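Quick notes on the structure that follows.
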Amino acid sequence: MKYVCSKCGHEEEIQTLKAKCDCGGLWKLDYYMPTLSFKDRGAAVLVAYMKWLGIKHAVQDSSGNAGNSVAAYAGRVGIDCEIFVPEGTSDKKIRMIEAHGAKANVVPGNRDHCCEEHGRTCDALISMCGAGLKSDH
Ligand SMILES: [Zn+2]
2 MKYVCSKCGH EEEIQTLKAK CDCGGLWKLD YYMPTLSFKD RGAAVLVAYM KWLGIKHAVQ
62 DSSGNAGNSV AAYAGRVGID CEIFVPEGTS DKKIRMIEAH GAKANVVPGN RDHCCEEHGR
122 TCDALISMCG AGLKSDH
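What follows is the structure, encoded as structure tokens:
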């Protein structure tokens, strides 16, 4: 097991007594996060905030890792989740998203098409709940 420097990428044995990398970067162990991705950092904060707001349904577009993170954290706290992924996303990533209880919607086309489709679904959800808000996609 090794630390990875957040600044230069240097790997250092975890037994090191050095508090920081020689370049000044901080040590990190992102590959030990629940979904093995640093995207968990943002997803944890985002989903905690959604839970605090009382959000019941989350929709996100992603090429894979961010969607997997949001699906994992949303599933853990009982928020329904739909992840829009572009065609060509690996089956492995799609299965990971679904393993967290989220629905993976594979959108034909590129990532931009995926974002557009996700935006339409967001607008529909916001309209359904009558919040009077317009999403900003
Ligand atoms: Zn460094």
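Numbering (the working numbering), first residue to last: 2 to 138. Beta carbons are placed, not taken as given, at the ideal position from N, Cα and C, and that holds for glycine. A quick note: this is a predicted structure, and the numbers were derived from the prediction, not measured.
At a cut-off of 8 Å, is residue i close to ligand 1 when judged by its beta-carbon and the heavy atoms of the ligand?
{"i": "His-11", "result": "yes"}
{"i": "Lys-19", "result": "no"}
{"i": "Gly-55", "result": "no"}
Spatial neighbours of residue i within its chain, please: CB distance less than 6 Å, with the 5 preceding and 5 following residues excluded, ordered by chain position.
{"i": "Cys-22", "result": "Cys-6 and His-11"}
{"i": "Tyr-32", "result": "none"}
{"i": "Ile-95", "result": "Ala-105"}
Using CA atoms only, rank isn't needed, just tell me which of the options is closest to residue i.
{"i": "Pro-87", "options": "Ser-63, Trp-53 and Trp-28", "result": "Ser-63"}
{"i": "Thr-36", "options": "Asp-81, Gly-120, Arg-77 and Gln-61", "result": "Arg-77"}
{"i": "Asp-92", "options": "Ala-59, Asn-69 and Lys-52", "result": "Asn-69"}
{"i": "Ala-103", "options": "Leu-27, His-58 and Leu-18", "result": "His-58"}
Within a Cβ cutoff of 7 Å, which residues of the same chain sit near residue i, ignoring the five residues on either side of it in sequence?
{"i": "Met-2", "result": "Ile-15"}
Below 8 Å CB to CB, which residues in the same chain sit around residue i once its five sequence neighbours on both sides are set aside?
{"i": "Gly-110", "result": "Pro-87 and Glu-88"}
{"i": "Cys-24", "result": "Cys-6, Lys-8, Cys-9 and His-11"}
Whole-angstrom Cβ separation of residue i and residue j, contact assumed at under 8 Å?
{"i": "Val-48", "j": "Ala-67", "result": "Val-48 to Ala-67, Cβ: 12 Å. No contact."}
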